[in-house]
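Just below is one structure, and these are the notes that go with it.
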Amino acid sequence: MSVEKSEYHSEMEPPDELETSFSESTLGPHPEVTATLFTPKRSLIEETMRSLFDLDYESDSAGSQTLVRADMLLQVMEEYEKTISQLVTVKEETKAQMEKDKETIAAERDTALQHLSNMEVAFNDIHQKYERAKTVIETLHANEKELKKSYDAVVETVEAQNTAYQKLKQHAAEKLSAANAEIEKIHKEYNGEMARMKAVARKNELKCKSLEESLEQKKKELRELTQICDELIGKVTCQS
Numbered sequence: 000m001s002v003e004k005s006e007y008h009s010e011m012e013p014p015d016e017l018e019t020s021f022s023e024s025t026l027g028p029h030p031e032v033t034a035t036l037f038t039p040k041r042s043l044i045e046e047t048m049r050s051l052f053d054l055d056y057e058s059d060s061a062g063s064q065t066l067v068r069a070d071m072l073l074q075v076m077e078e079y080e081k082t083i084s085q086l087v088t089v090k091e092e093t094k095a096q097m098e099k100d101k102e103t104i105a106a107e108r109d110t111a112l113q114h115l116s117n118m119e120v121a122f123n124d125i126h127q128k129y130e131r132a133k134t135v136i137e138t139l140h141a142n143e144k145e146l147k148k149s150y151d152a153v154v155e156t157v158e159a160q161n162t163a164y165q166k167l168k169q170h171a172a173e174k175l176s177a178a179n180a181e182i183e184k185i186h187k188e189y190n191g192e193m194a195r196m197k198a199v200a201r202k203n204e205l206k207c208k209s210l211e212e213s214l215e216q217k218k219k220e221l222r223e224l225t226q227i228c229d230e231l232i233g234k235v236t237c238q239s
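Quick note: the sequence shown, position 34, residue 33 per numbering that gives the first Met the number 0, numbers continuous.
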């Protein structure tokens with residue numbers, strides 16, 4: 000019986016190889032799908048095989064063993080056919096899904112490439128704008144330096160002119176103060192001279208008036224003397 004069991008077990012081992020060969024040829028590089036679909040079926044097959052082994056040793060007649068073995072093999076084959084059909088269906092569905100995924104990925108790739116191209120164009124445009132802005136900024140910095148130099152020169156000139164203006168202002172104030180003092184002095188001297196001249200003029204006026212009065216008096220006296228002389232001459236002439 001041990002020999003029969005060994006031979007029987009050897010005859011029943013190929014389903015594992017068939018399962019592995021079929022899974023690799025049918026599903027390709029997707030062992031996770033095979034494992035997912037095959038695990039329940041394989042458990043059922045193993046359970047059936049164990050039942051066959053048990054029946055092999057418990058049956059009393061060779062005919063009943065053969066019948067049971069045939070029935071069990073038919074069940075196993077039916078399960079394999081169902082499994083193969085399911086796997087083929089899964090393969091087709093997986094293939095269709097993979098084609099859809101492939102198309103989706105290709106579309107996403109094309110979209111990504113288009114986005115990448117657009118981003119490259121935008122980047123080139125931004126880079127050109129950056130270079131132009133950089134040139135403008137460098138020019139502005141250079142102009143700023145020149146303007147700062149000019150501003151510093153102007154500030155220095157203004158400070159020098161302001162210093163000169165303050166000195167000139169102080170000098171002018173001193174000259175103006177001296178001129179005002181001189182004018183005040185001249186004004187006082189003028190007023191004093193005018194008062195003296197007025198006094199002299201008044202004195203001369205009085206002197207002239209006195210001389211005029213004296214002259215009139217002299218003229219009057221002369222007229223009187225002349226009249227007296229004429230009278231005397233007339234009297235002398237009459238007596239002779």
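Built from N, CA and C at the ideal position, the CB exists for glycine as well.
Here the structure is a predicted model, which is why all the values come from computation and not from measurement.
Residues near residue i in its chain [Cβ-Cβ closer than 8 Å; skip 5 each side]
i, result
"Arg131", "none"
"Ser5", "Residue placement at Ser5 is poorly supported in this model, since its pLDDT is 40, which falls under 50; the coordinates are not used for a value here."
"Phe21", "Note that Phe21 scores 40 on pLDDT, short of 50, meaning its location in the model is unreliable and no value can be drawn from it."
"Thr236", "none"
Nonlocal neighbours in the same chain, by C-beta distance under 6 Å from residue i, ignoring five residues either side
i, result
"Asn123", "none"
"Thr156", "none"
"Tyr56", "At Tyr56, the pLDDT of 47 sits below 50, so the modelled position is not reliable and the matter cannot be decided from this model."
"Ala178", "none"
"Lys144", "none"
"Ser176", "none"
"Pro30", "Note that Pro30 scores 45 on pLDDT, short of 50, meaning its location in the model is unreliable; the coordinates nonetheless yield the value given after this. Around Pro30: no qualifying Cβ."
"His140", "none"
Cut-off 7 Å between Cβ atoms - residues of its own chain near residue i, not counting five sequence neighbours on either side
i, result
"Glu255", "This structure gives no information on residue 255, because the portion of the chain shown stretches from 0 to 239."
"Arg108", "none"
"Glu188", "none"
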